[in-house]
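Participant: Here you go, one structure.
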Amino acid sequence: MRKPMMAANWKMNKTSEEALQFARDFLRMSPPVSEVDVVIFPPFTAIYPLSRALDKTGVHLGAQNMYYETCGAFTGEISGGMLAAEGVTYVIIGHSERRHILGESDAVIAKKIQAALESGLTPVLCVGETLQEREAGDAAAVVVRQLKAALWGLGGDLPLVVAYEPVWAIGTGKTASDADAQEMAALIRNELASITTAAERTRILYGGSVKPDNVAMFLQARDIDGALVGGASLDPHAFYRLSMAAKSQASI
Ligand code: 13P
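In our numbering, the protein residues as written are 1 to 252.
The following block contains the structure:
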């Protein structure tokens, strides 16, 4: 049985004061932290204050990115070790905005996955096709390529979360159908089985325009274990409803 995960990717939103206000409002509602791994991925500037605010609450702290070197002359970068020292336990690697806006390659993503694991962080590896790739019938091939490239050289019992986020569904209000999302999640799990002994235990999330009103259809899918949520996670009430939806799925 895989524990569901509900993950808030705040992207470049919220000052540290706004993040603390969110934490106060969200914690007041008693989120279902024993049944669901609830994770918040704030911008770097809010990690330190949130690590204090979330301490011993059961809500996990994540980072949206990291660099693959451990220290040194890399202006503007942050290492996995620095994140772990602040209480971060998950790190998003290979988000489509980093791939497509910031030009991150499969090779860089592979190095980051390796470095995250070496720092004791659990990577949340994002994969997903563009609209052009889907329309060309290449969605499955793209996702398999991204997965294999990111996990190249790794094996054994990998602590890993994979998020399937079709690029065309991110921030657009369009979602994959539940059948398409399940098909891609099953493909990902099948591919993972040839890489890691932990494939059956690996959580696979869906991401892309997830809202409290549509999350249930993804959570019901056999191979989908939660969601990675952008826009809707900025509101504590919406994120609470999303977390509760994951809890009700956990009890089925
Ligand atoms: P939206 O939920 O805003 O579509 O963003 C999805 C996403 O990119 C999460 O990482």
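Backbone N, C-alpha and C fix where the C-beta goes; we use that ideal spot for every residue, glycine too. Fair warning: this is a prediction, and the values are worked out from it, not measured in the lab.
I want to check one thing, is the minimum distance from the CB of Asn65 to the heavy atoms of the ligand 13P below 7 Å?
Facilitator: no
Participant: Under 8 Å, with one C-beta from each stretch per pair, do the region 45 to 62 and the region 190 to 206 reach the 3-pair mark?
Facilitator: no
Participant: Does the Cβ of Val229 lie closer than 7 Å to at least one heavy atom of the ligand 13P?
Facilitator: yes
Participant: Using DSSP bridges, identify the partner residues of Met5.
Facilitator: Asp37 and Gly226
Participant: Here's the rule I'm using: 16 or more other beta-carbon atoms within 10 Å means buried, otherwise exposed. How should Cys126 be labelled?
Facilitator: buried
Participant: Please give me, in chain order, every unbroken run of the beta strand (DSSP E) with length at least 3 that falls completely inside the region 20 to 93.
Facilitator: 37 to 41, 60 to 63 and 90 to 93
Participant: The ligand 13P and Val210: does any heavy atom of the ligand fall closer than 7 Å to the residue's C-beta?
Facilitator: yes
Participant: So, does the region 235 to 252 touch the region 17 to 31, judging by three or more C-beta pairs under 8 Å?
Facilitator: yes
Participant: Cβ of Ile188 within 8 Å of Cβ of Val142?
Facilitator: no
Participant: Among the residues of its own chain, which have a CB less than 8 Å from the CB of Thr122, if the five just before and after it don't count?
Facilitator: Answer for Thr122: Thr89, Tyr90, Val91, Ala116, Pro159, Leu160 and Val161, listed in chain order.
Participant: Based on Cα-Cα distance, which residue from Ala63, Glu77 and Pro32 lies nearest to Thr57?
Facilitator: Pro32
Participant: At 4 residues or longer, what runs of the alpha helix (DSSP H) sit wholly inside the region 94 to 164?
Facilitator: 96 to 100, 106 to 118, 131 to 135 and 139 to 150
Participant: Find the nearest neighbour of Ile195 within the set Val229, Leu151, Lys174 and Ala216, judged by alpha-carbon distance.
Facilitator: Leu151
Participant: Less than 8 Å between the CB atoms is what I'm expecting for Tyr68 and Lys11, so what's the real figure, rounded?
Facilitator: Actually they are not in contact, since the Cβ atoms of Tyr68 and Lys11 sit about 21 Å apart, beyond 8 Å.
Participant: Quick one: which unbroken beta strand (DSSP E) runs of 3-plus residues sit fully inside the region 175 to 248? Chain order, please.
Facilitator: 203 to 207 and 226 to 229
Participant: Could you pull out every residue in the same chain whose Cβ sits closer than 7 Å to the Cβ of Gly120, ignoring the five residues on either side in sequence?
Facilitator: Ala84
Participant: In angstroms, rounded to a whole number, what distance separates the CA positions of Asp101 and Ile93?
Facilitator: Looking at the sequence shown, residue 101 is not Asp but Ile. About 14 Å.
Participant: With distances taken between CB atoms, is the gap from Ala7 to Phe41 smaller than 8 Å?
Facilitator: yes
Participant: I need the DSSP call for Ile10, collapsed to helix, strand or coil.
Facilitator: Ile is not the amino acid found at residue 10; the sequence shown has Trp there. Three-state DSSP puts Trp10 in coil, outside helix and strand.
Participant: CA-CA distance, Pro4 and Thr75?
Facilitator: 37 Å
Participant: Can you tell me whether Thr175 is buried or exposed? The criterion is at least 16 other CB atoms within 10 Å of its CB, across all chains shown.
Facilitator: buried
Participant: Could you check whether the Cβ of Asn268 sits closer than 7 Å to any heavy atom belonging to the ligand 13P?
Facilitator: Shown here, the chain extends from 1 to 252; a query on residue 268 therefore has no answer.
Participant: Less than 8 Å between the beta carbons of Ala179 and Ala149, yes or no?
Facilitator: no
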